[in-house]
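Quick note, the sequence shown lines up with residues 27 to 403 if you use this note's numbering.
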Amino acid sequence: MIKYDYLIVGSGLFGATFAYRANQAGKKCLVIDKRPHLGGNVYCERIADINVHKYGAHIFHTSNKQVWDFVNSLVEFNRYTNCPVANYKGKLYNLPFNMNTFYQMWGVQTPDAALAKIEEQRRNVLNDLQGREPANLEEQALSLVGRDIYEKLIKGYTEKQWGRKCTELPAFIIKRLPIRLVFDNNYFNDKYQGVPIGGYNKLIEALLCGSEVKTDLDFFDKTSPYNSGNWRDVANRLVYTGPIDEFYDYVYGKLEYRTVRFETELLNEANHQGNAVVNYTEGSVPFTRVIEHKHFEMFGPEVYENPRTVISREYSEEYRDGMEPYYPINNERNNSIAEKYRSRSMSECDIVFGGRLAEYKYYDMAPVIEKVLNLDV
Ligand code: FAD
Ligand code: UDP
């Protein structure tokens, strides 16, 4: 007997937001997830009274008022503003590149002096290029910001992140490198940003309120009562947020990803690095960033109310079977394979494919929610 209007595979932001909307429309939903918890990549694990972003640091940011009002109607957001710091050979620089960075790099104190310095650095590179277009990421970055910023803040970080030399990466990855001639360390340009008070699990709980949920259930496990072979016996429609290549049994080939390995440590000190995000931009340091989770939710003196802290070192790695797929690698090979899966998925009239894995697309959280808010449920 058909029991549900929707079987939703995946309890991440796409699946959970879809479930919320379907519920509001009076539909009955079952949400399953193969992980032992709900929330997908925004899930937080509580360690020593600190919400630890288990699948990587998540900062909500958007300029879309509809999305911001929607999430705030479910949970209150705090005042967290992302101001990452870069550590290069033990010296600290503010990000994104702004007047603080230029002062730290060159001692310049005015926007005109900073601009003159950047122009001088770019001129040398443009002379070397002798009028031809930048052929790779290194040439592109050098021609946009010059050698000092490239070598200290971009080269090592980017090579660690992608596992390839900047000279082997395509130029189009960094079409733009914003330069701010103001003393402003806010990483995002969006109107609204923050972290849910009490953590992302609160947002997920609110979204899934009213839906039936089951964890530890893999849609492709034939022994599961709700699997890819029998789902039409239990639900009228399917919402699928897992990897699209897996859905079609990899008939057009496997899509590639970069993944991140997290080395998480509980420390007996109240404040380890004084900031949520510190990037290590030097090539010889094996990790890309160190996240200190308490700073997402504790500010000023609150930091010292908890005598302990949790940090995660992030190592960017090549994806292999069994790892978490994180960042799609949108090169020609993968894009063309993904396109084949996508066109096939268009012909499925009772299945919605959505989210970062089913669309093979890097999505921030707000655009995922925006997409679901604009769907017919
Ligand atoms: P997911 O959260 O991945 O959810 C998919 C779910 O489907 C998972 O729970 C998975 O277990 C489940 N699933 C898959 N296959 C099956 C199956 N066969 N059976 C059952 N369940 C299945 N965005 C921001 O806006 N700000 C940030 O700061 C930010 N930081 C990020 C940092 C990292 C390291 C990464 C990787 C992403 C970051 N994002 C950030 C993006 C954000 O994580 C995504 O936009 C969001 O999580 C997408 O939600 P989703 O539902 O599409 O996918
Ligand atoms: N980047 C860099 N140095 C830094 C931070 C970022 O060179 O300290 C570059 C790098 O090429 C990276 C890109 O900017 O791939 C985007 O980084 P960001 O952290 O903004 O994005 P995310 O990793 O969250 O996609």
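All C-beta atoms, glycine included, are put in the ideal place defined by N, C-alpha and C.
The structure presented is a predicted model; accordingly, all values stated were derived computationally and were not measured.
I337 sits in a strand when the DSSP states are folded into three classes. With the criterion CB distance below 6 Å from any heavy atom of the ligand UDP, the matching residues run A112, L121, L179, I180, Y183, T184, Q187, N305 and T307 along the chain. N153 and Q147 have their alpha carbons spaced roughly 10 Å apart.
When the five nearest sequence neighbours on each side are left out, the beta carbons in the same chain lying within less than 6 Å of the beta carbon of A112 are those of Y119, L121, L179, N305 and T307, in order along the chain.
Short note on H84: C-beta closer than 6 Å to some heavy atom of the ligand FAD. The beta carbons of A83 and I317 sit closer together than 7 Å.
Beyond the five residues adjoining it in sequence on each side, E331 comes within less than 8 Å, by CB distance, of M324 in the same chain, given in chain order. It is roughly 11 Å from the alpha-carbon of Y367 to the alpha-carbon of E374. In the DSSP assignment, E238 falls outside any alpha helix (DSSP H) and lies within the beta strand (DSSP E) extending over E238 to K240. By the CB criterion at 7 Å, A51 and V403 fall inside the cutoff.
Remark: C-beta atoms of L33 and L233 do not approach each other more closely than 7 Å. The alpha carbon of D376 has as its nearest neighbour, out of R258, N227 and R149, the alpha carbon of R258. With contacts defined as CB atoms closer than 7 Å, Y388 and P354 qualify as a contacting pair. With a cutoff of 7 Å on beta-carbon distance, V329 and N297 are scored as near each other. Within the same chain, and ignoring the five residues on either side of G326 in sequence, no residue has its Cβ closer than 8 Å to its Cβ. Judged by DSSP in its simplified three-state form, Q219 adopts strand. When rounded, the separation of the alpha-carbon atoms in K115 and R382 is 35 Å. When DSSP states are grouped into helix, strand and coil, A261 belongs to the strand group. A direct Cα-Cα distance of roughly 17 Å separates A197 from Q156.
Counted as a single uninterrupted DSSP element, the alpha helix (DSSP H) harbouring N150 occupies residues P137 to L155. Beta-bridge partners of C55 (DSSP): Y32. Annotation: R173 to Q166 spans about 11 Å, alpha carbon to alpha carbon. Assignment of I76 by DSSP, reduced to helix, strand and coil, places it in the strand class. Our two residues, N104 and L203, have alpha carbons roughly 28 Å apart in a direct line.
A direct Cα-Cα distance of roughly 15 Å separates N357 from E385. In this structure, the CA atom of C235 is about 12 Å from the CA atom of L64. E238 and C55 have their C-alpha atoms spaced approximately 6 Å apart. Closest in alpha carbon position to S342, among T184, G220 and I28, is T184. One thing to note: Y81 has its Cβ no nearer than 7 Å to the Cβ of N90.
Here the distance from the Cβ of D242 to the nearest heavy atom of the ligand FAD is not below 6 Å.
Shown here, A112 sits in a strand according to DSSP, grouped into three states. In this structure, the ligand FAD has a non-hydrogen atom nearer than 6 Å to the beta-carbon of V35. Within the same chain, Y266 come within 7 Å of F273 by CB-CB distance, once the 5 residues on both sides are set aside.
Residue side-chain check: Y367 keeps its Cβ at 6 Å or more from all non-hydrogen atoms of the ligand FAD.
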